Structure formats: structure tokens, C-alpha cells
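Visitor: The structure is given below, and queries will be raised subsequently.
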Amino acid sequence: MADRSSPIRVGIVGYGHLGQFLVERIQREGQKVGLGLAFVWNRNAEKLRGSIPEELILNNLADFTQRGADVIVEVCHPQIVKEFGVRFLSQAQFLVGSPSALSDSQLDQELRQAAKHYGNTLYVPCGALWGGPDIQRLNDSGALKALSIRMSKHPSCFRLSGGLLSDWSEGEGRRVLFHGSVAELCPIAPNNVNTMAAASIAASTLGFKGVTGEIVSDTALADYHLVEVEVTGADGFSVKTVRKNPAKLGAVTGNATYNSFWSSLLVCRGHGGRVYLC
Ligand SMILES: NC(=O)c1ccc[n+]([C@@H]2O[C@H](COP(=O)([O-])OP(=O)(O)OC[C@H]3O[C@@H](n4cnc5c(N)ncnc54)[C@H](O)[C@@H]3O)[C@@H](O)[C@H]2O)c1
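To convert, note that position 115 of the sequence shown is 115 in UniProt numbering; the numbers rise steadily by one, no gaps.
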């Protein structure tokens, strides 16, 4: 438990659904758990005025260095991870809300090196992934042979590039939209694959190219998303999990993922210069 007289100062980058949820929760419960706000940034700062105290609004993201944040949380877009990830790690612990950015192997390497160099931790939230630390342990022991993840959602919950799902109709049932490597899937569905990205980071011996991802549109799934994970180890070892994640129609993010994110933030207290699934 942190010293209550000096809370961990959190910088929030992005003020969409997740950003607003985290800011509100820090404002409401932060003192109790040893967290305080260092700054909040959003692409359009006007969205912050009225809900965030003026002194906490960061107008220019490049000025984050002046706010003394202990932890920086990215909850906006993989592009910001690309532009600022290394700089964030040079100053603070970094919780990356859009881990699909790490499907770019050069960026992945740069972030890992920056974490090591500056002694700060790159935290990857489990999000909707069940069993992430178990996958990581199997990976680290050298016994992980294969990993595949299927995410099934109502078609209104997908945000896909290239008009891949522009023609759906209510009642059409189930449609496999993509089956292949997570590396190929990330650019097609950048907002829907963070769970698979977290899994690929945990399974570093397979990596984004070696982990299989499948996305399925299913009009029967009006109330929840389904996340199925199949892990294969050595000598006949295997685990299958099925997670039902209640979600509103049209929502990219399941309800339980918000609380999962909060739990991840509570872990970000410094684990040295490495990547840490939380
Ligand atoms: N790790 C996980 O399990 C998990 C779960 C849900 C969402 N996410 C990811 O977290 C991020 C935020 O999710 P959300 O549900 O709050 O999304 P959201 O769409 O509600 O909010 C995103 C915010 O970022 C801003 N934004 C979009 N593109 C931007 C860009 N290029 N540069 C700067 N700002 C930009 C938007 O204006 C908006 O304020 C997304 O990348 C999403 O894919 C991750």
C-alpha cells in the first residue's frame, strides 16, 4: 500500500470511454488506494473543460515531462504509443492501453529497449484475456507450443478497416471474418484485438506472427462478447477457456474490461526495466 501522504501521480492520455472511467475513479477512490492525477490529455482539450480542474489539463502532450507523472496511461490510439511510448518510458512507468501497437516489431523492440535502458516498466493490461500470467509462465519455461484466440461479438461491436463487415443484417447468424496470425489481424481490427495483442506479448516465443487470431461476427451475441483461448503445451498439455464478457450492443469494450483496467493500474508501482503483464 502506498504512503498516503505521497500518492502515485498518474497521467491519463486520452479521454474516451476508458480515459473518462479511469479519471472518474481516481478522483473518487484515488486517495484510498494511493493514486492521484498528474494530468489529463485529450486530442481535443475542449472535451476536458468543465469536468477536469484547469490545472490538470495538459494542452500539449509533449509537455508531459513538466508534470512529474509516476505512471502514464495511454488510452487513446496505437499511433500515440508509436509517437510517445519511448518518451513516456524515459520519464515514468507506462501502462499501454493499445498494445496492438506492439505488432510493429520495430516499435516493440524500441519499447523493450527503452524500458530496460530507463529502468521503467512497460505494463500491458490483460484486458479481456483470461489466464495471461499462466500463458506467460508457460512461455518463459519454453513449453508453449501454440496459442489461438477467438473473439466473437455482435456485428455492431466491430470496428474494422476496409469495409470488411459493412453488409451485415440482423438475424444473419454467425460469420467468420478473419482467421490467421494476430500480426495480420491487428491492422484490420486495431480496436478489437487488444486482448489478442496482450496474449501475443505474453507468448513472446510465438510473437504476433505465431499466435493465431480469429474474429467472428454473430448476431445472436446481443448481450455479451465471447473470448475463447486455447493454449497448447508440451507432451499433450492443453487448456481451453471461454469467457463471457457482458457488453452493451455496439460497444467495443466489454463491461468487465473497465474494472480489469482499474486492477491493472493498481499494479503499476514499478517492476524494473521490463515488460509486465498485469
Ligand atoms: N487493452 C485492452 O484490453 C483494451 C480494452 C478496450 C480498449 N482498448 C484500447 O484503448 C484505447 C481507448 O479505448 P476507449 O474504449 O476509451 O476508446 P474511445 O474511442 O472511447 O476513446 C478514444 C479516445 O482517443 C481519441 N483518439 C482517437 N484516435 C486518436 C489519435 N490518433 N490520436 C489521439 N487521440 C485519438 C478519441 O478522440 C477518444 O477521445 C483504444 O485504443 C482501444 O482500442 C484496450
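Just so you know, even glycine gets a beta-carbon here, dropped at the ideal spot from N, CA and C.
Treat the numbers as computed from the prediction; the structure is a model and nothing was measured.
Tell me whether tryptophan 262 sits in a helix, a strand or coil according to DSSP, three-state version.
Guide: It is helical.
Visitor: Looking at the C-beta of glycine 250, does it have a partner C-beta in chain C at a distance below 7 Å?
Guide: Among the chains in the structure shown there is no chain C, since it carries only a single protein chain.
Visitor: Within the same chain, show all residues whose beta-carbon is closer than 7 Å to that of alanine 86, passing over the 5 residues directly before and after it, in chain order.
Guide: The sequence shown places valine at residue 86, rather than the alanine named in the question. The residues are Glu110, Leu111 and Ala114.
Visitor: Return the CA-CA distance between lysine 116 and arginine 175, expressed in angstroms with no decimal places.
Guide: Rounded to the nearest angstrom, the two C-alpha atoms are 43 Å apart.
Visitor: Considering only their Cβ atoms, is the gap separating alanine 101 from valine 73 smaller than 7 Å?
Guide: Cβ atoms of valine 73 and alanine 101: not closer than 7 Å.
Visitor: In the segment 184-248, which residue ranges form an unbroken alpha helix (DSSP H) of at least 4 residues, counting only runs that do not cross its ends?
Guide: Qualifying alpha helix (DSSP H) stretches, in chain order: 194-202 and 207-210.
Visitor: Which first and last residues belong to the beta strand (DSSP E) in which glycine 115 is found?
Guide: Note that residue 115 corresponds to alanine in the displayed sequence, not to glycine. Premise fails: alanine 115 lies in the alpha helix (DSSP H), 105-118, not in any beta strand (DSSP E).
Visitor: Tell me arginine 9's beta-bridge partners as DSSP assigns them.
Guide: Answer by DSSP bridge pairing, in chain order: Gly36.
Visitor: Is the CB-CB distance between proline 155 and serine 238 below 7 Å?
Guide: No, Cβ-Cβ distance for proline 155 and serine 238 is not below 7 Å.
Visitor: Less than 6 Å between the CB of cysteine 278 and some heavy atom of ligand 1, yes or no?
Guide: No, the beta carbon of cysteine 278 sits no closer than 6 Å to any heavy atom of ligand 1.
Visitor: Measuring only the C-alpha atoms, how far is leucine 249 from histidine 17?
Guide: Whole-angstrom Cα-Cα distance: 15 Å.
Visitor: For a test of the three-state rule: what should DSSP assign to phenylalanine 178, helix, strand or coil?
Guide: The answer is strand: DSSP assigns phenylalanine 178 an E or B state.
Visitor: If you draw a straight line from the C-alpha of arginine 211 to the C-alpha of proline 99, how long is it?
Guide: Here residue 211 turns out to be valine, not arginine, going by the sequence shown. Looking at the two C-alpha atoms, the distance is approximately 15 Å.
Visitor: Check whether the segment 44-58 and the segment 87-96 touch, using three or more Cβ-Cβ pairs below 8 Å as the test.
Guide: Counting Cβ pairs under 8 Å, fewer than three are found: no touch.
Visitor: Look at glycine 273 and glycine 119 and say whether their C-beta atoms are less than 7 Å apart.
Guide: Cβ distance < 7 Å, so glycine 273 and glycine 119 count as in contact.
Visitor: So the candidates are Ala198, Leu221, Leu160 and Ala199; which of them puts its Cα closest to the Cα of glutamate 172?
Guide: Closest by alpha carbon: Leu221.
Visitor: Would the beta-carbon of isoleucine 12 fall within 7 Å of that of valine 23?
Guide: Yes, the Cβ-Cβ distance between isoleucine 12 and valine 23 is below 7 Å.
Visitor: I'd like to know if the segment 229-236 and the segment 128-146 are in contact, where contact means that at least 3 CB-CB pairs between them fall below 8 Å.
Guide: Result yes; three or more Cβ-Cβ pairs closer than 8 Å.
Visitor: Excluding the five sequence neighbours on either side, which residues of its own chain have a C-beta within less than 7 Å of the C-beta of asparagine 192, listed in chain order?
Guide: The residues are Met151, Phe158, Arg159, Ile215 and Val252.
Visitor: Thinking just about the alpha-carbon of each residue, which of Cys268, Ser51, Leu144 and Arg269 is nearest to the one in isoleucine 201?
Guide: Nearest C-alpha to isoleucine 201: Leu144.
Visitor: Taking the straight line between their C-alpha atoms, what separation do you get for serine 260 and aspartate 235?
Guide: Cα-Cα distance, rounded: 33 Å.
Visitor: Within the continuous alpha helix (DSSP H) that includes phenylalanine 158, where are the two ends?
Guide: No alpha helix (DSSP H) holds phenylalanine 158; DSSP gives it neither H nor E.
Visitor: Quick check: alanine 198 and glycine 131, are their CB atoms within less than 7 Å of each other?
Guide: Contact: no.
Visitor: Strictly by DSSP, which residues pair up with arginine 49?
Guide: In DSSP, arginine 49 forms a bridge with Ile52.
Visitor: By how many angstroms is the C-alpha of arginine 28 removed from the C-alpha of alanine 38?
Guide: Whole-angstrom Cα-Cα distance: 15 Å.
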